[in-house]
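Chemist:
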Amino acid sequence: MAILKIKTYPDSVLRSFAKPVNGVDRDVRKLIDDMAETMYEAPGIGLAANQVGELKRVIVIDIQREGESTGLIALVNPEIVERKGSIAIEEGCLSVPDYYSEVKRAEEVRVRGLDLNGKQIEIDAKGLLAVVFQHEIDHLNGKLFIDRLNPIKREIFKRNWKKKKKKKG
Ligand code: GNR
Ligand code: NI
63 MAILKIKTYP
73 DSVLRSFAKP
83 VNGVDRDVRK
93 LIDDMAETMY
103 EAPGIGLAAN
113 QVGELKRVIV
123 IDIQREGEST
133 GLIALVNPEI
143 VERKGSIAIE
153 EGCLSVPDYY
163 SEVKRAEEVR
173 VRGLDLNGKQ
183 IEIDAKGLLA
193 VVFQHEIDHL
203 NGKLFIDRLN
213 PIKREIFKRN
223 WKKKKKKKG
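Quick note: the sequence shown uses my numbering, first residue 63, plus one each step.
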């Protein structure tokens, strides 16, 4: 296992489309292991492969509620096959440090993908878990949660980011 370096905005890898994985082999399982360790160490409740510089369609998620863990969810080639309702919760991203904002998304999703053994599975998620699935699959498509803000909020984000960059030199 290894802790990987998390890429941050405006790294171009976060803007790239991740490629579908052909089969869940040892390399993919090693990537999942390392991504899980990286996510727990951060700590975060989800991580997409783009965030560690790997353009493969792999995500890991573990939602902790009241100190309770759902256990690790690892999904390869994840796809949303159904969405229902609407919800807005405050999101953050390990690749966009120190910024949080509400984002409107589907409240419920059904996600299809491959598990660690390469077997196709479907997961029904709602609330926070559904939001995190959508956030991670966005990453695989080169999209960040700040892209889903209204134009005014996005401008404020950019302005503050530039200000912060200047201060850091
Ligand atoms: O740790 C994370 N928390 C979070 C909170 C609300 C909505 C989405 C997330 S995902 C984020 C980790 C991350 O950046 N995953 O890509
Ligand atoms: Ni993120």
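From the three backbone atoms N, C-alpha and C, an ideal C-beta is built for every residue, glycine too.
Throw me the rounded Cβ distance for the Ile142 and Ile123 pair, which I believe falls under 8 Å.
Modeler: That pair is no contact at about 14 Å.
Chemist: Provide the residue(s) that pair with Gln182 in DSSP beta bridges, ordered along the chain.
Modeler: DSSP lists Leu176 as partners of Gln182.
Chemist: So which of Asp96, Arg88, Val86, Val83 has the shortest CA-CA distance to Lys67?
Modeler: Of Asp96, Arg88, Val86, Val83, the residue nearest in Cα terms is Asp96.
Chemist: Is Gly154 near the ligand GNR, with its Cβ less than 7 Å from a heavy atom?
Modeler: Yes, the beta carbon of Gly154 sits closer than 7 Å to at least one heavy atom of the ligand GNR.
Chemist: Indicate whether Leu211 and Asn112 have their beta-carbon atoms separated by less than 8 Å.
Modeler: Not in contact: Leu211 and Asn112 (Cβ atoms no closer than 8 Å).
Chemist: For Leu176, which residues from the same chain have a beta carbon less than 8 Å from its beta carbon, with the 5 sequence-adjacent residues on both sides left out?
Modeler: So the list reads Val83, Val86, Leu137, Val138, Asn139, Gln182, Ile183, once near-sequence residues are dropped.
Chemist: Given the structure, does Ser74 come close to the ligand NI, in the sense that its CB is under 7 Å from one of the ligand's heavy atoms?
Modeler: No, since every heavy atom of the ligand NI falls outside the 7 Å radius drawn around the Cβ of Ser74.
Chemist: Could you say which of Lys92, Gly189, Ser163 lies nearest to Phe219 if we only look at CA atoms?
Modeler: Selected option, being the one with the closest Cα: Ser163.
Chemist: Indicate the three-state DSSP secondary structure (helix, strand or coil) for Ala167 in the structure shown.
Modeler: Just to set this straight, residue 167 is Arg in the shown sequence, not Ala. Looking at Arg167 - three-state DSSP - the assignment turns out to be strand.
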